[in-house]
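Mind the numbering: the sequence shown is residues 392 to 675 in the UniProt record's numbering, read in order.
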Amino acid sequence: RAKASGRNCIWVFDPNEPQARDNGEDIATVLQVAIAEGLVSLVYQPIRNVVSGRLEAAEVLMRLKMPDGRMISPMVFIPVAERTGAIMELGRWAIRSACQMLVAEEWLPLLSVNISAVQLKAPGFAISVAAILAETSISPQRMAFEVTEGREIETHPDVLRSIGELKQLGVKLWLDDFGTGFAGLSCLRAIEFDTVKIDRSFLHDTPGPRGVRLLQDIVTLLGNRGHGIVVEGVETERQLGLMRSFGIDCVQGYHVGRPMAADSLRRLCSEEAAASAVRASACG
Ligand code: C2E
Ligand code: MG
Ligand code: MG
Ligand code: MG
């Protein structure tokens with residue numbers, strides 16, 4: 392348990408108290424050795440085109456296992472990695488691993504990798520991406536980077552320079568979690584995103600009539616501007632039906648599939664291919 396005594400904090404660790412083991416210091420220490428010790432891994436969440444029925448892409452999501460076996464959410468460890476700078480090495484590792492996955496899984500059209508503003512601010516980020524693509528012989532068109540909307544993305548000159556360089560490379564740029572912050576629309580003005588991912592909060596509790604109209608208007612706006620759209624957080628058949636009625640092409644969420652290991656993703660895809668072959672022959 393943490394005990395504050397005056398200005399100095401004395402940390403007494405009680406292994407039975409989860410809170411004491413969950414502090415950022417612990418995570419920061421583990422992050423330094425996480426790649427070497429095999430404590431970070433990647434899972435892949437499918438993104439389905441509901442028109443063609445095909446898996447169009449998968450999002451790469453990072454996982455961290457502490458030495459004692461507990462899993463830490465990326466919502467917790469990514470901010471720590473951003474603060475300590477560990478995100479730079481973890482990010483390069485994730486991009487390289489994603490490229491290796493694309494080499495192994497030729498059927499997979501595209502992987503999207505999350506990147507943070509810290510990575511985009513660092514000089515030479517796009518150069519390191521170019522080097523990884525060249526080293527693995529992966530076409531830049533099979534790689535997308537997801538950037539979460541935010542003031543920094545839209546205004547920081549180093550971020551904008553990196554984004555310009557990434558576009559030059561030919562990788563795709565996706566805007567993540569659209570509609571959650573205050574910067575979504577101005578991000579669209581500052582940067583030409585290929586695809587916008589509409590945040591899952593819009594589907595929360597299956598939207599009522601007002602929510603449905605708002606979502607419909609957002610979809611129309613993004614469509615008119617020529618953006619591809621992915622709706623996140625589709626969990627039920629009803630939500631999927633709603634997305635279909637909006638003419639949405641691509642959805643992601645537990646209804647399509649949870650984040651999963653590479654071999655599960657491959658299995659899911661081959662099952663779907665078999666099912667669509669059966670449907671095709673049944674239709675004559
Ligand atoms: P995100 O990029 O918006 O990723 C989507 C998150 O929503 C994932 O959480 C995913 O598991 C979850 N999700 C997907 N479908 C559903 C659904 O139908 N219902 C619900 N309730 N949740 C769903 P996860 O994996 O915990 O990741 C959280 C966030 O951590 C990500 O949000 C992303 O911002 C960040 N993150 C994850 N991996 C990386 C990474 O490699 N680099 C960076 N910079 N950030 C990462
Ligand atoms: Mg994302
Ligand atoms: Mg995000
Ligand atoms: Mg998201």
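Note that beta-carbon positions come from the ideal geometry of N, C-alpha and C, so glycine has one too.
On the DSSP letters alone, give me the boundaries of the beta strand (DSSP E) that Phe536 sits inside.
Taken as a continuous stretch (DSSP letters only), the beta strand (DSSP E) holding Phe536 covers Met534 to Thr539.
In whole angstroms, what is the alpha-carbon distance linking Val421 and Met462?
A straight-line Cα-Cα distance of about 12 angstroms links Val421 and Met462.
Hey, is the region 508 to 518 in contact with the region 466 to 481, meaning 3+ C-beta pairs nearer than 8 angstroms?
Touching, yes, given that three or more Cβ pairs across the two stretches are closer than 8 angstroms.
Tell me which residues pass a beta-carbon proximity test against ligand 2: closer than 5 angstroms to any heavy atom, given in chain order.
Going down the chain, each residue whose beta-carbon is closer than 5 angstroms to a heavy atom of ligand 2 shows up: Asn505, Glu537 and Asp567.
Taking the straight line between their C-alpha atoms, what separation do you get for Leu524 and Arg487?
Their Cα atoms are separated by approximately 8 angstroms.
With a cut-off of 8 angstroms on the beta carbons, I'd call Val642 and Leu631 a contact; round off their distance for me.
Confirmed, Cβ separation roughly 7 angstroms.
Exposure of Ile518, with buried meaning 16 or more beta-carbon neighbours within 10 Å:
By the neighbour-count rule (16 or more Cβ atoms within 10 Å), Ile518 is not buried but exposed.
Can you tell me which of the three DSSP states Met457 falls into?
Coil.
Helix, strand or coil, according to DSSP, for Leu499 in the structure here?
Leu499: coil per DSSP, three-state reduction.
With 16 other CB atoms within 10 Å as the buried threshold, where does Tyr435 fall?
Around the CB of Tyr435, 16 or more other CB atoms lie within 10 Å, so the residue is classed as buried.
Buried versus exposed, by CB contacts within 10 Å (16 or more), Met466:
Classification of Met466: exposed, given that the 10 Å Cβ count is below 16.
Relative to ligand 4, is the shortest distance from any of its heavy atoms to the C-beta of Glu623 smaller than 7 angstroms?
Yes, the Cβ of Glu623 comes within 7 angstroms of a heavy atom of ligand 4.
Beta-carbon separation (whole angstroms), Leu579 vs Met534, contact threshold 8 angstroms:
Cβ atoms of Leu579 and Met534 stay farther apart than 8 angstroms, at about 21 angstroms.
In chain order, what are the residue ranges of uninterrupted beta strand (DSSP E) at least 3 long that sit wholly in the region 545 to 626?
Counting only runs of at least 3 residues, the region 545 to 626 fully encloses the following beta strand (DSSP E) elements, listed from N- to C-terminal order: 563 to 569, 586 to 589 and 619 to 622.
With H, G and I counted as helix, E and B as strand and the rest as coil, what does DSSP make of Pro650?
Coil at Pro650, not helix or strand.
Span of the alpha helix (DSSP H) holding Val471?
Start and end: Pro465 to Thr475.
Tell me whether Ser488 sits in a helix, a strand or coil according to DSSP, three-state version.
In the three-state scheme derived from DSSP, where H, G and I count as helix and E and B as strand, Ser488 is classed as helix.
Exposure of Gly460, with buried meaning 16 or more beta-carbon neighbours within 10 Å:
Exposed is the call here.
Coarse secondary structure for Ile426, derived from DSSP in three states:
Three-state result, Ile426: coil.
Any heavy atom of ligand 4 within a distance shorter than 7 angstroms of the CB on Asp654?
For ligand 4, not one heavy atom lies less than 7 angstroms from the Cβ of Asp654.
Which residue's Cα is closest to the Cα of Pro650: Glu416, Ala668, Val587 and Leu433?
Of the candidates Glu416, Ala668, Val587 and Leu433, the one whose C-alpha sits nearest the C-alpha of Pro650 is Leu433.
Residue span of the alpha helix (DSSP H) that contains Arg629, given as start and end
Looking at the DSSP string, the run of the alpha helix (DSSP H) that includes Arg629 is Glu628 to Ser636.
How would you label Val625, buried or exposed, when you count the other beta carbons within 10 angstroms and need 16 or more for buried?
By the neighbour-count definition (other C-beta atoms within 10 Å, threshold 16), Val625 is a buried residue.
Quick check on this structure: which residue in Ala419, Trp484 and Leu452 has the alpha carbon closest to the alpha carbon of Pro470?
Cα-wise, what sits closest to Pro470 is Ala419.
Just the Cα atoms here: how many angstroms apart are Ser672 and Ser661?
Looking at the two C-alpha atoms, the distance is approximately 17 angstroms.
Need the endpoints of the beta strand (DSSP E) that Val642 sits in, please.
Its beta strand (DSSP E) spans residues Cys641 to Gln643.
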